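Visitor: I'd like to ask you about the structure that follows.
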Amino acid sequence: MSKVDTKAENRAQVLIVEDEESHADVMADALRKPGHVCTIVTGAQGAIEELKGGVFDVIVTDLRMPTSAGVEFEGDAVAPDGANAGLIVLKAAARLQPSIETIMVTAHGDVPTARSAFKAGAYDFIEKPLDLEVFRNLVGRAAQTVLLRYQNSELKDELELAGFEGLIAVSEPMRKVLQMVRTIAASDIPVLITGESGTGKELIARAVHRNSKRSSGRYVTFNCAGQSESLLEDQLFGHVRGAYTGADKEREGVFEYASGGTLFLDEIGDMPVSMQAKLLRVLESGEVVRLGTNDAKHVNVRFVSATNRNLDELVKNGNFREDLFFRVNAAKIHLPALRDRREDIPPLVIHGVQKYASDLMPGEPEPTITDAAMLRLTSFSWPGNVRQLLNAVQNMVVTAIGTRDEGQPVKLGI
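The sequence shown begins at 5 in our numbering and counts up one residue at a time.
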């Protein structure tokens, strides 16, 4: 049986598995009030059949269902007293629809068994008699987790197809950035990417390259900061044999190596002024001269530069050449700070949790993040932007894994 897609309306498809119909009706009525669509079955067999034919976001299943005794799924069977019926439903859900979140409903005496369900990936459990408001909120949180995961997956696929792998762009400011990338990438004009540290300037530079006609060529990154002028010149221009003491063989520089592709000059605002003049000549002539020779070599390079500094101020102060500024700033992309695009924080958090959890606990159920933790993450100002946020998420995952009890779910809090 096919189901209506409710994700766009932020409603959930909920499968209620309960052998007492009156209890099932009460739960369904409570969930229909906020707009969730509920399907009721009276046992494990009905749940398995629905999971094979329907599409659900959340399952609410009673743990103990005597009427399901003997029901089997892939070699496991419900015990004669029905005490593990919910666990069989959980196993079927994990196999047939792995994106589902499952909530266990249990009597007080079954709490230890319900806790063991966490090891198999249950989202949470709730005890009878139900507090319907608490129950609604619990299902709502599970549905929101599924929705965020779904949106992240769609967004990731959409961005990767468009050459924006690794980027999260839910907010309007970032959507405008990606539209600008699409427009600019088609030409060969130099691009200047500005923004605070940690906003993702290098990811945008890669996106420019991937969306350009040079995408089959090399993408080369070079950091202009923290190096002496002589080292910068040697790395950028290369040298011939004997150019200086220790130059035992000739070496091509970064300009030549990137020819036919894109050269990303990171932290261009930190380049020494004397080197800026040499870079300007390359931009104007398309030619480089290796150290130790007068022979010029032609290079065909797309220049993309980035800085977290105010180049206008540097020009006024004489620390950045005005003519070079006009050259590298033919097209400008400014990345907003994370505090100015808070809509991107929840999907970034989910992305980070998925990434770090898959690295640190492969094959185990994905950690969930508490509402309080997500609220604090969304409210924080993040002076270090996306980099700082993802570092915080990584630390949360590592800490939660290291302090959890055996067999318990990983819940991320602050």
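Backbone N, C-alpha and C define an ideal beta-carbon position, used for all residues, glycine too. Note that the structure is predicted; figures quoted are calculated from it, not measured.
(1) For D299 and G242, what's the separation of their Cα atoms in angstroms?
(2) When you compare only the Cα positions, how much space is there between V303 and T382?
(3) Candidates L339, R331 and T297: which alpha carbon is nearest T198's?
(4) Whose C-beta lies closer than 8 Å to the C-beta of V402 among residues of the same chain, with five residues either side of it excluded?
(5) Go ahead and pull the three-state DSSP assignment for H302.
(6) What is the DSSP secondary structure of I104, counted as helix, strand or coil?
(7) Based on the DSSP secondary-structure assignment, which residues constitute the bridge partners of Y223?
(8) Have a look at D85, A111, P84 and Y127 and flag the residue whose alpha-carbon is nearest the alpha-carbon of K95.
(9) Please confirm whether L151 and D114 have their CB atoms less than 8 Å apart.
(10) Just to confirm my understanding: we take L256, look at its own chain, exclude 5 residues before and 5 after, and list those with CB closer than 8 Å. What are they?
(11) Do G246 and G296 come within 8 Å of each other at the CB atom, strictly closer than that value?
(12) Tell me, please, whether the segment 216 to 233 touches the segment 269 to 284 by the rule of three or more beta-carbon pairs shorter than 8 Å.
(13) Decide if T149 is buried, meaning its Cβ has at least 16 other Cβ atoms within 10 Å, or exposed.
(14) Among D344, N321, L315 and M400, which residue has its Cα nearest to the Cα of I354?
(15) On the DSSP letters alone, give me the boundaries of the beta strand (DSSP E) that L19 sits inside.
(16) If you reduce the DSSP assignment to three classes, tell me which class A166 lands in.
(17) What are the complete alpha helix (DSSP H) segments, minimum 4 residues, inside the segment 352 to 390?
(18) Name the two residues that bound the continuous beta strand (DSSP E) containing T198.
(19) In the structure shown, what three-state DSSP assignment does T27 receive?
(20) Roughly how many whole angstroms lie between the Cα atoms of R153 and A173?
(21) Assuming D344 and P177 make a contact with CB atoms under 8 Å, what is their CB distance in whole Å?
(22) On a CA-only basis, which of I107, L267, I405 and Q392 is nearest V64? Give me that one, please.
(23) Can the beta-carbon of L182 be found less than 8 Å from the beta-carbon of L207?
(24) Using 8 Å as the Cβ pair cut-off and three pairs as the minimum, do the segment 29 to 37 and the segment 82 to 97 touch?
(25) Got a sec, what are the start and stop residues for the alpha helix (DSSP H) I188 sits in?
(26) Compute the beta-carbon to beta-carbon distance between R214 and V277, rounded to the nearest angstrom, for a pair I have assumed lies under 8 Å.
(27) Following the continuous alpha helix (DSSP H) through F259, name the residue where it begins and the one where it ends.
Guide: In this structure, then:
(1) Counting from one through the sequence shown, the residue named residue 299 turns up at place 295. Counting from one through the sequence shown, the residue named residue 242 turns up at place 238. Approximately 12 Å between the Cα atoms of the pair.
(2) On the sequence shown, position 299 is the one that residue 303 refers to. On the sequence shown, position 378 is the one that residue 382 refers to. The C-alpha of V303 lies about 46 Å from the C-alpha of T382.
(3) Translated into the one-based positions of the sequence shown, residue 198 becomes position 194. It is L339.
(4) On the sequence shown, residue 402 is found 398 positions in, with the first residue counted as 1. Cβ neighbours of V402 beyond the five flanking positions: Y360 and L364.
(5) In the sequence shown, the residue the question calls residue 302 occupies position 298. H302 falls in the strand class under three-state DSSP.
(6) Translated into positions along the sequence shown, residue 104 becomes position 100. Three-state result, I104: coil.
(7) Along the sequence shown, one-based indexing puts residue 223 at 219. Looking at the DSSP output, Y223 bridges to T266.
(8) As a first step, residue 95 must be located in the sequence shown, where it is residue number 91. Measuring from the Cα of K95, the nearest candidate turns out to be Y127.
(9) For the purposes of this step, residue 151 is taken as residue 147 along the sequence shown, with counting starting at 1. For the purposes of this step, residue 114 is taken as residue 110 along the sequence shown, with counting starting at 1. No.
(10) One-based indexing of the sequence shown puts residue 256 at position 252. The sequence given here has Glu at residue 256, not Leu. For E256, the CB contacts under 8 Å within the same chain, skipping 5 residues up- and downstream, are G242 and R294 in chain order.
(11) The residue given as residue 296 occupies position 292 in the sequence shown. The residue given as residue 246 occupies position 242 in the sequence shown. Going by C-beta atoms, G296 is nearer than 8 Å to G246.
(12) Inter-segment contact for the segment 216 to 233 and the segment 269 to 284 is present: three or more beta-carbon pairs are separated by less than 8 Å.
(13) As a position in the sequence shown, residue 149 is number 145, starting the count at 1. With 16 or more other CB atoms across the displayed protein chains lying within 10 angstroms of its CB, T149 is buried.
(14) Here residue 354 is taken as the residue at index 350 of the sequence shown, counted from 1. Looking at the Cα atoms, M400 is the closest of the given residues.
(15) Along the sequence shown, one-based indexing puts residue 19 at 15. Segment Q17 to V21, the beta strand (DSSP E) holding L19.
(16) Position 162 of the sequence shown, counting from 1, holds the residue named residue 166. Model confidence at A166 stands at a pLDDT of 49, short of 50, so the residue's coordinates are unreliable and nothing is read from them.
(17) Listed in chain order, the complete alpha helix (DSSP H) runs (minimum 4 residues) inside the segment 352 to 390 are 375 to 383.
(18) Residue 198 sits at position 194 when you count from the first residue of the sequence shown. V195 to T198 is the span of the beta strand (DSSP E), which, as asked, contains T198.
(19) Residue numbering aside, residue 27 sits at position 23 when the sequence shown is read from its first letter. For clarity, residue 27 is His in the given sequence; the question names Thr instead. It is helical.
(20) Reading the sequence shown from its first residue, position 149 is the one you call residue 153. Reading the sequence shown from its first residue, position 169 is the one you call residue 173. Whole-angstrom Cα-Cα distance: 15 Å.
(21) Position 340 of the sequence shown, counting from 1, holds the residue named residue 344. Position 173 of the sequence shown, counting from 1, holds the residue named residue 177. Between the beta-carbon of D344 and that of P177 there is about 6 Å, and that keeps the pair under the 8 Å contact cut.
(22) What you label residue 64 is simply residue 60 of the sequence shown in a count that begins at 1. Considering only I107, L267, I405 and Q392, the residue with the shortest C-alpha distance to V64 is I107.
(23) Reading the sequence shown from its first residue, position 178 is the one you call residue 182. Reading the sequence shown from its first residue, position 203 is the one you call residue 207. No. Outside cutoff.
(24) Three or more Cβ pairs closer than 8 Å define a contact, and the segment 29 to 37 falls short of that threshold against the segment 82 to 97.
(25) To locate residue 188, count along the sequence shown from 1; it is residue 184. Boundaries of the alpha helix (DSSP H) harbouring I188: E176 to A189, taken from the DSSP string.
(26) Within the sequence shown, numbered from 1, the residue matching residue 214 stands at position 210. Within the sequence shown, numbered from 1, the residue matching residue 277 stands at position 273. That pair is no contact at about 33 Å.
(27) Working through the sequence shown from its first residue, we reach residue 259 at position 255. From DSSP, the alpha helix (DSSP H) with F259 extends over V258 to Y261.
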